[in-house]
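Enquirer: As numbered in my numbering, the sequence shown has no gaps in its residue numbers, which increase by one up to the final residue, 200. Every residue, glycine too, gets a C-beta built ideally from N, C-alpha and C.
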Amino acid sequence: MSAPSDAAAGSRPDATSDVGPRAVTSVREAGAADWPVIWPIVQEVVRAADTFAYEPTMGEADARAGWLEAPRRVVVAERDGVVVGTANMYPNRPGPGSHIASGSIMVDRAVRGSGAGRALVEDMIAWAAREGFAAIQFNAVVDTNAAAVHLYESLGFVTLGIAPGAFRHPELGDVGLRIMWRDLSDLRTADAGGEA
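(1) Please work out which residues of its chain come closer than 6 Å, Cβ to Cβ, to residue 81, disregarding the five sequence neighbours upstream and downstream, and give them in chain order.
(2) Can you tell which of 160, 180, 176 and 159 has its C-alpha closest to the C-alpha of residue 169?
(3) Counting pairs of Cβ atoms below 8 Å between the stretch 47–61 and the stretch 142–157, do you hit three or more?
(4) When the Cα atoms are used, what is the spatial distance from residue 175 to residue 84?
(5) Using DSSP's beta-bridge definition, name the partner residues of residue 141.
(6) What residues match up with residue 171 in a beta bridge as DSSP calls it?
(7) How many Å lie between residue 178 and residue 95 at the Cα?
(8) So the beta strand (DSSP E) residue 135 belongs to, where does it begin and stop?
(9) When burial is assigned at 16 or more other CB atoms within 10 Å of the CB, is residue 137 buried or exposed?
(10) Measuring alpha carbon to alpha carbon, tell me which residue in 189, 117 and 173 is nearest residue 139.
(11) With burial defined as no fewer than 16 other Cβ atoms inside 10 Å of the residue's Cβ, what is the status of residue 107: buried or exposed?
(12) From 63, 110, 105 and 129, pick the residue whose C-alpha is nearest to that of residue 75; which is it?
(13) Give me whichever residues DSSP pairs with residue 166 in a beta bridge.
(14) On the DSSP letters alone, give me the boundaries of the alpha helix (DSSP H) that residue 156 sits inside.
(15) Within its chain, find whatever has a CB closer than 6 Å to the CB of residue 99; leave out the 5 residues flanking it on each side and keep chain order.
(16) Just the C-alpha distance for residue 26 and residue 116, rounded to the nearest angstrom, thanks.
(17) Tell me residue 87's beta-bridge partners as DSSP assigns them.
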């Protein structure tokens, strides 16, 4: 693993960081200028090869293109100005499938379980409803990623199905991939304010 840039290294939590589990997380739009602090998070998650079906040896240029390129909306979660997570969101498919949103969420391992992921998913849900998407579909949630499955279920996602053995986990062998779905009709109706 290559060392992160100085900017990224100075902007990530570590074991001695004062970024604690109760710190407030804010979510903001991100852009190309944020890549130096997004890349170490993406690199860490992808290289672990236990939660995302991305090539573990993916280089920075490919990761940047895949994470930032339009039509994606990219956000970061921050605690006291420190980037601790990121998400991208986009139409799940082009053309006739473009009314369904999808996205990816990655959180720095040092702060997992402390609310950053929840803040990112809540932001994604609000964005998708605001943009008029009918639902959000996560196409490949690793079945053994219990924390993510629990988080998504707590925010109204349901599992549509599990492709058995579709993910090669580095420690557990072949495990399932879930397709998870969050209908947004409840939020679109609420946003309409009762207008007919």
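Expert: According to the structure shown:
(1) Numbered from its first residue, the sequence shown carries residue 81 at position 77. Excluding sequence neighbours, residue 81 sits near 29, 31, 88, 89, 120, 123 and 124.
(2) Mapped onto the sequence shown, residue 169 falls at position 165. Looking at the Cα atoms, 180 is the closest of the given residues.
(3) yes
(4) On the sequence shown, residue 175 is found 171 positions in, with the first residue counted as 1. On the sequence shown, residue 84 is found 80 positions in, with the first residue counted as 1. In a straight line, the C-alpha of residue 175 is about 35 Å away from that of residue 84.
(5) What you label residue 141 is simply residue 137 of the sequence shown in a count that begins at 1. Note: residue 141 sits in a beta bridge opposite 185.
(6) As a working note, residue 171 is residue 167 in the sequence shown. According to DSSP, which records beta bridges pairwise, residue 171 is partnered with 179.
(7) Residue 178 sits at position 174 when you count from the first residue of the sequence shown. Residue 95 sits at position 91 when you count from the first residue of the sequence shown. Spanning the two alpha carbons is a distance of roughly 29 Å.
(8) Taking the first residue of the sequence shown as position 1, residue 135 is located at position 131. Residue 135 -> no beta strand (DSSP E), and no H or E assigned at all.
(9) By 1-based counting over the sequence shown, the position of residue 137 is 133. Classification for residue 137: buried.
(10) Along the sequence shown, read from residue 1 onward, the residue named residue 139 stands at position 135. Among 189, 117 and 173, the Cα nearest to that of residue 139 is on 189.
(11) Walking along the sequence shown from the start, residue 107 turns up at place 103. Residue 107 is buried by the Cβ-count criterion.
(12) Here the question's residue 75 lines up with position 71 in the sequence shown. Looking from the CA of residue 75, the closest CA among 63, 110, 105 and 129 belongs to 105.
(13) Residue numbering aside, residue 166 sits at position 162 when the sequence shown is read from its first letter. According to DSSP, which records beta bridges pairwise, residue 166 is partnered with 182.
(14) Translated into the one-based positions of the sequence shown, residue 156 becomes position 152. In this chain, the alpha helix (DSSP H) harbouring residue 156 covers 150–158.
(15) If you number the sequence shown from 1, residue 99 lands on position 95. Nothing meets the Cβ criterion.
(16) Walking along the sequence shown from the start, residue 26 turns up at place 22. Walking along the sequence shown from the start, residue 116 turns up at place 112. Confidence at residue 26 is low in this model, with a pLDDT of 48, below 50, so its placement is unreliable and the value that follows should be read with caution. Roughly 12 Å between the two C-alpha positions.
(17) Your numbering for residue 87 matches position 83 in the sequence shown. In DSSP, residue 87 forms a bridge with 82.
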